[in-house]
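Working notes for the structure below.
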Amino acid sequence: MTGKTLTLLATLGSAALLLGAFGFQHLGGYAPCQMCLWQRWPHAAAVLIGAIVLLGGPRVMAWLGALAAAVTALIGVFHAGVEWGWWPGPSSCTGGGMDLGSLDGGSLLSTEGPSGLVMCDEIVWQFLGLSMAGWNAIFSFILVGLWVAAARKAA
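My numbering numbers the first residue of the sequence shown as 1231 and each following residue consecutively.
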């Protein structure tokens, strides 16, 4: 495969993962947690990098595409580990998700829970034992391989 073909595949892969995330959110009704949103930004960067390379930009930028894919893959691994309870996640979106010491009396007595808060340590969807974060990690590591192959072809 040529470097251009590999770049196109990697770019389309990140675009597909982004579209899938938006599909789960807007069509499936699965609101993203904060860590889910973190995983989207590197994919967006990879799509932009891919577009630049495909439009004639320096092919050395494929290394930046590999870096973006690696970042989202590592965030996915971290997020999946938080979901499975292997390590703690950010206190803002795990466990109770709230610091009771920071609430006033009215908030403590309120019977209404926080609205729109999606916890990062809850698995809301899974397939073959892996959550969306786990699948993002796997597919993103594959994209890292495509980006590295594209970058090596350019050298």
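Cβ coordinates follow ideal geometry from the N, Cα and C atoms, glycine included.
- Here DSSP, grouped into helix, strand and coil, assigns L1238 to helix.
- If you check the CB distance, G1243 and I1368 do not come in under 9 angstroms.
- Taking C-beta atoms under 8 angstroms as the contact rule, G1306 and S1370 qualify, at a distance of about 6 angstroms.
- Secondary structure note for A1261: it is in no alpha helix (DSSP H), with a DSSP letter that is neither H nor E.
- In the same chain as A1299, and ignoring 5 residues on each side of it, the C-beta atoms closer than 6 angstroms to its own belong to A1276, S1370, L1373, V1374 and W1377, in chain order.
- Taking C-beta separations shorter than 6 angstroms and ignoring five residues to either side along the sequence, the partners of I1279 in its chain run M1291, L1294 and G1295, following chain order.
- According to DSSP, residue pairing for L1360 in a beta bridge involves F1357.
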